[in-house]
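The structure appears below as structure tokens.
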Amino acid sequence: MTRGAREPMPGRYPVTFGEVELLRDLDRQHGWMLSKDGVPQSYVDLEDPTYLDFEYVRLMADVIDVLPDGPLNCVHIGGGACTIPRYIAATRPGSRHIVVEPDAALVELVRSQLDLRSVPKLKVRLQGGLEATAGIWDDSTDLFVLDAFSGATMPVELATAEYMADIARVLRATGTLLINLADGKGLAFARRLVATVRGTFKHVALLADPGIMRGRRFGNLIVAASPSELPVDLLTRRAAGGLTQARCVHGEALTNFVAGAPPIHQGDAVLAPAPPPEIFGAE
322 MTRGAREPMP
332 GRYPVTFGEV
342 ELLRDLDRQH
352 GWMLSKDGVP
362 QSYVDLEDPT
372 YLDFEYVRLM
382 ADVIDVLPDG
392 PLNCVHIGGG
402 ACTIPRYIAA
412 TRPGSRHIVV
422 EPDAALVELV
432 RSQLDLRSVP
442 KLKVRLQGGL
452 EATAGIWDDS
462 TDLFVLDAFS
472 GATMPVELAT
482 AEYMADIARV
492 LRATGTLLIN
502 LADGKGLAFA
512 RRLVATVRGT
522 FKHVALLADP
532 GIMRGRRFGN
542 LIVAASPSEL
552 PVDLLTRRAA
562 GGLTQARCVH
572 GEALTNFVAG
582 APPIHQGDAV
592 LAPAPPPEIF
602 GAE
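Its first residue numbered 322, the sequence shown is counted upward by one per residue in this note's numbering.
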């Protein structure tokens with residue numbers, strides 16, 4: 322932690338949209354978990370921002386790590402404890418971050434308890450994803466991270482073709498979009514979301530644990546997309562060689578994954594899947 326930062330206090334805290342719990346990691350001295358309604362939302366190590374506890378966050382880091390060297394201009398839709406901004410600040414000094422989070426009390430909690438002020442060049446916008454993205458300049462962003470959840474469910478309004486078009490507007494020609502989504506048996510929502518992204522971006526890849534990718538269990542999948550070619554061979558090796566031993570699906574295999582699923586448009590009656598209760602029953 323930065324000099325003068327106080328030690329976090331575990332416990333339950335009221336926020337704008339409910340209540341969150343701050344939990345100490347008993348296995349790591351400076352590790353902290355932020356959860357809401359029993360669902361883990363973020364994990365940060367206040368002394369080592371390169372330590373990533375969640376599998377899906379490590380997959381996002383795999384994509385970030387294969388991007389061209391140097392600082393990035395980043396937009397993050399969904400704040401939580403700002404795990405990815407902290408990681409990028411540590412691994413790519415000089416990067417700039419706009420973090421979009423509508424819960425003002427949550428932002429203040431993360432500032433006061435989890436030393437958010439230690440992350441350089443980070444600005445928070447207290448807005449929803451649609452509104453905030455509409456206010457970002459064209460061709461200004463190297464990395465756009467969409468990791469917004471209401472509890473354990475992705476807001477469908479952030480999964481539409483119309484929103485993907487607005488993301489494409491703010492991304493540079495060499496920029497990259499990262500989406501964290503969750504799905505389970507059959508992966509119907511994941512197939513529709515990937516179809517939606519492919520309708521806007523020429524180059525798309527999907528990363529996940531093999532069991533999740535086959536729809537055998539509920540979990541997180543990561544979509545990477547760009548107007549420019551993605552380094553899919555390198556990304557495939559990194560994902561397979563990491564702790565998650567994940568798969569990276571792209572090209573014809575991704576077409577087969579989508580299996581003709583239609584894109585999502587504004588107004589479509591689509592429900593993002595919620596996890597089975599037993600997944601977080603022990604929380």
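Here a beta-carbon is modelled for each residue, glycine too, at the ideal position from N, C-alpha and C.
Enumerate in chain order the residues of its own chain whose CB-to-CB distance from residue i is below 8 Å, with the five nearest sequence positions on each side excluded.
i, result
"E604", "At E604, the pLDDT of 33 sits below 50, so the modelled position is not reliable; the number obtained from the coordinates is stated separately. Closer than 8 Å at Cβ, skipping near neighbours: S356, G359, V360, P361."
"T495", "P389, D463, S547, P548, S549"
"V515", "V525, L527, V544, L575, F578, V579, A582"
"P552", "V387"
"F522", "M485, A489, L498, A546, S547, P548"
"V431", "L355, G400, G401, A402, C403, L437"
"P531", "Q566, A567, R568"
"I457", "V396, I419, V491"
"G332", "E342, L343"
If the criterion is Cβ atoms closer than 7 Å, does the pair residue i and residue j meet it?
i, j, result
"P594", "D504", "yes"
"D460", "R493", "yes"
"F539", "P596", "yes"
"T481", "H586", "yes"
"S439", "G401", "no"
"G536", "L508", "yes"
"V365", "L427", "no"
"F465", "V518", "no"
"R407", "P370", "yes"
"N541", "Y377", "yes"
List the endpoints of the continuous beta strand (DSSP E) containing residue i.
i, result
"M354", "352 to 357"
"Q434", "Premise fails: Q434 lies in the alpha helix (DSSP H), 425 to 434, not in any beta strand (DSSP E)."
"P335", "332 to 336"
"D383", "First-last for D383: 376 to 386, but that is the alpha helix (DSSP H), not the beta strand (DSSP E)."
"R609", "The structure shown does not extend to residue 609, since the chain spans only 322 to 604, so no value can be given for it."
"G339", "339 to 345"
"D463", "462 to 467"
"V420", "417 to 421"
"R446", "443 to 446"
"I398", "394 to 398"
"V525", "524 to 529"
Taking 7 Å as the limit between beta carbons, can you name the residues of its chain near residue i, skipping five residues before and five after?
i, result
"L380", "L528, I543, A560, T565, A567"
"P329", "L343, W353, Q434, L435"
"P423", "L447, Q448, G449"
"D487", "T454, A455"
"G602", "Below a pLDDT of 50, predicted positions are generally treated as unreliable, and G602, at 47, falls in that range; no measurement from the model is reported."
Across which residues does DSSP place residue i in a beta bridge pair?
i, result
"P361", "S356"
"D504", "G540"
"V579", "Answer is none; V579 lacks a bridge partner."
"A545", "L499, A526"
"D366", "G352"
"T474", "S471"
Determine the extent of the alpha helix (DSSP H) in which residue i is found, giving its start and end residues.
i, result
"T412", "404 to 412"
"L437", "Note, L437: premise wrong, no alpha helix (DSSP H); not H, not E."
"A509", "509 to 519"
"V553", "553 to 562"
"G450", "450 to 455"
"R490", "482 to 491"
Against chain D, with Cβ distances strictly below 7 Å, would residue i count as a contact?
i, result
"L528", "Among the chains in the structure shown there is no chain D, since it carries only a single protein chain."
Please go through the same chain and pick out, in chain order, the residues whose beta-carbon is closer than 6 Å to the beta-carbon of residue i, but skip the five residues on each side of it.
i, result
"I398", "V421, G450, L467, A469"
"E483", "Q587"
"K506", "G536"
"T557", "C569"
"V591", "V477, I585"
"G415", "P392"
Cβ of residue i versus every heavy atom of the ligand NAD: is any distance shorter than 6 Å?
i, result
"G401", "The ligand content of the structure shown is nil, which means the ligand NAD is not present either."
Segment contact, 8 Å Cβ cut-off, at least three pairs: the region 472 to 479 with the region 431 to 448: Too few Cβ pairs lie closer than 8 Å, so no.
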